[in-house]
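*Asks:* If you read the sequence shown in our numbering, its first letter stands for residue 653, the second for the next number, and so on. Note that CB positions come from ideal geometry on N, CA and C, so glycine has one too. Here the structure is a predicted model, which is why all the values come from computation and not from measurement. I'd like to ask you about the structure that follows.
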Amino acid sequence: MIRRLVLLPILFVIWLALFAWAADVPWSAPWTAAARLSVSPREFHVQFGEASTEPQGLLVRAFDSNGMGLQTESLARVRAEQYPILRYRIVGFPHTLELALVFRRSDSPQDVQTISLPTPGKGEIAVDLSRFAEWRGEITELGFAQYAGGQLVPPSVAAVFKPFRIEQVQLQSSSWSDVLPRLRSDWFGYRPWALYSISALGPQIATSSPSWMQPVLVLGVGLSLAVSWIALRWPRRRLARVAIVAAAIVWLLLDLRWLDDLLAKHAVTEEVYAGRPWAERVALQPDEATLAATRQIAGIAAEMHAGRVLVHADSPYTMLRMIYFLLPLNAAPLQLALSEAPATSLPRDALIAVFDSEWKYDENSRRLGNDTTGISVEPLYASKGLRIFRVDGRAP
653 MIRRLVLLPI LFVIWLALFA WAADVPWSAP WTAAARLSVS PREFHVQFGE
703 ASTEPQGLLV RAFDSNGMGL QTESLARVRA EQYPILRYRI VGFPHTLELA
753 LVFRRSDSPQ DVQTISLPTP GKGEIAVDLS RFAEWRGEIT ELGFAQYAGG
803 QLVPPSVAAV FKPFRIEQVQ LQSSSWSDVL PRLRSDWFGY RPWALYSISA
853 LGPQIATSSP SWMQPVLVLG VGLSLAVSWI ALRWPRRRLA RVAIVAAAIV
903 WLLLDLRWLD DLLAKHAVTE EVYAGRPWAE RVALQPDEAT LAATRQIAGI
953 AAEMHAGRVL VHADSPYTML RMIYFLLPLN AAPLQLALSE APATSLPRDA
1003 LIAVFDSEWK YDENSRRLGN DTTGISVEPL YASKGLRIFR VDGRAP
């Protein structure tokens, strides 16, 4: 009995230390937060979209014409290192949307810093902002942005949602009492699919990636078994049986966690596509603007009897999606074609489509390009970020 009484606090210390390590809580941190700063959602200024104040917080009802919501509040020069923990509670947040923390710093007041956050679920979410290089210096403005799930949800679908309410926002210092809330958000917070295989380029904003749950559980179980074996003097056969049972339980827990995350991801897919006819499902694309642009390109290519379409976009992901949407047309990246042959050798029946790009067209020289590349072209179409040209084959 005495050995078991001694064993219990040892096991508690082992697991608490592992959880604190996973949550990256400083060993010198107090039990409760020494500094707290509450940011009232009712004081938020609505920058984009529509929202109204309620006794419980700020009710967000609609997005702006660009499919985005943004609510911010000015702060009195808050030091980021003093408040590394963000806690927030948002009720009824749609899974078709993504949430980002938006803030400004005094060292670059014109620049907007963003950090992708776990989608709010039930209860309060806690995030360690000290993991991000952007969270530093003096914070002068803070707020939340909401938008369609990247590479997943069509903006037209995301724009139709039930109102959600921002009820609580708080910044605070690190403390041991935040270990479990932070791990709950870190390990069990919903995060949407990310098509990193195509956008190897990675996300455009800092993303809150979950810490590894597996090493903590494996180390915890291993250390617990070792301490129990020594303290309780188990025979090796009993240790082996307990180890097998413990391994099975850990495996089951990890598998259930994975299944829960998979179900949450498929719930988004069902919300977007379920109950719609197949033709409508095909037309629903996360990058609706890109699809609309390629349809315009395909129409002009058919009218001009173009033998080849060369496309360019500043985003490699957008460029690859353009080529995909243009199938079965003979489409290829413009820069790849230029790297294999000079601009003067481009076929006369080729079209050049430039979408969401910084490339410029000079009307005087009738040339399209940037600082290093120039192509003689004839403009055919320009609207909403899409420009279509025909190669005229003139010498530079």
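#1: Tell me the DSSP secondary structure of lysine 774 in three-state form.
#2: Just the C-alpha distance for alanine 650 and leucine 884, rounded to the nearest angstrom, thanks.
#3: Report buried or exposed for serine 808, applying the criterion of at least 16 other Cβ atoms within 10 angstroms of its Cβ.
#4: Would you be able to state if there are at least three C-beta pairs under 8 Å between the region 898-907 and the region 823-831?
#5: On the DSSP bridge assignment, give the partners of lysine 1012 in chain order.
#6: Quick one: give me the first and last residue of the alpha helix (DSSP H) that valine 665 is part of.
#7: Using DSSP with H/G/I as helix, E/B as strand and the rest coil, what is alanine 958?
#8: So what does DSSP say about phenylalanine 715, is it helix, strand or coil?
#9: Check whether the region 668-675 touches the region 831-841, counting contact only when three or more Cβ pairs, one atom from each stretch, lie closer than 8 Å.
#10: According to DSSP, what are the bridge partners of glycine 795?
#11: If contacts are defined as beta-carbon pairs under 8 Å, then isoleucine 777 and phenylalanine 755 qualify, I think. What distance do you get, rounded to the angstrom?
#12: For a quick check, are the C-beta atoms of leucine 710 and proline 693 less than 7 Å apart?
#13: So, helix, strand or coil for valine 812, using DSSP?
#14: Kindly indicate the opening and closing residues of the alpha helix (DSSP H) around serine 880.
#15: Taking 7 Å as the limit between beta carbons, can you name the residues of its chain near lysine 1036, skipping five residues before and five after?
#16: Which residue marks the beginning of the beta strand (DSSP E) containing glutamate 786, and which one marks its end?
#17: Excluding five sequence neighbours on each side, which residues of the same chain lie with their C-beta closer than 7 Å to the C-beta of arginine 655?
*Replies:* According to the structure shown:
#1: The residue you call residue 774 lines up with position 122 of the sequence shown. Looking at lysine 774 - three-state DSSP - the assignment turns out to be coil, as it is neither helix nor strand.
#2: Here the chain covers residues 653 to 1048 and nothing more, so residue 650 does not appear.
#3: On the sequence shown, position 156 is the one that residue 808 refers to. Label assigned to serine 808: exposed.
#4: No, the region 823-831 does not touch the region 898-907.
#5: Within the sequence shown, the letter at position 360 stands for residue 1012. DSSP output for lysine 1012 lists Gly1021 as bridge partner(s).
#6: Numbered from 1 along the sequence shown, position 13 holds the residue referred to as residue 665. Where valine 665 is concerned, the enclosing alpha helix (DSSP H) stretches over 654-675.
#7: Counting from 1 along the sequence shown, the entry for residue 958 is found at position 306. Coil at alanine 958, not helix or strand.
#8: Within the sequence shown, the letter at position 63 stands for residue 715. Phenylalanine 715: coil per DSSP, three-state reduction.
#9: yes
#10: Mapped onto the sequence shown, residue 795 falls at position 143. Answer by DSSP bridge pairing, in chain order: Thr724 and Val754.
#11: Locating residue 777 in the sequence shown gives position 125, where the first residue counts as 1. Locating residue 755 in the sequence shown gives position 103, where the first residue counts as 1. Between isoleucine 777 and phenylalanine 755, the beta carbon gap of about 17 Å keeps them out of contact (Cβ cut-off 8 Å).
#12: Within the sequence shown, numbered from 1, the residue matching residue 710 stands at position 58. Within the sequence shown, numbered from 1, the residue matching residue 693 stands at position 41. Yes, the pair counts as a contact, with Cβ atoms nearer than the cut-off.
#13: In the sequence shown, residue 812 corresponds to position 160, counting from 1. In this structure, valine 812 counts as coil in the three-state DSSP scheme.
#14: Counted from its first residue, the sequence shown places residue 880 at position 228. Taken as a continuous stretch (DSSP letters only), the alpha helix (DSSP H) holding serine 880 covers 865-884.
#15: In the sequence shown, counting from the first residue as 1, residue 1036 sits at position 384. A distance below 7 Å between beta-carbons, with the five flanking residues on each side excluded, links lysine 1036 to no residue of its chain.
#16: For the purposes of this step, residue 786 is taken as residue 134 along the sequence shown, with counting starting at 1. Where glutamate 786 is concerned, there is no enclosing beta strand (DSSP E), given that its DSSP letter is neither H nor E.
#17: Counted from its first residue, the sequence shown places residue 655 at position 3. The answer, listed in chain order, is Ala883 and Leu884.
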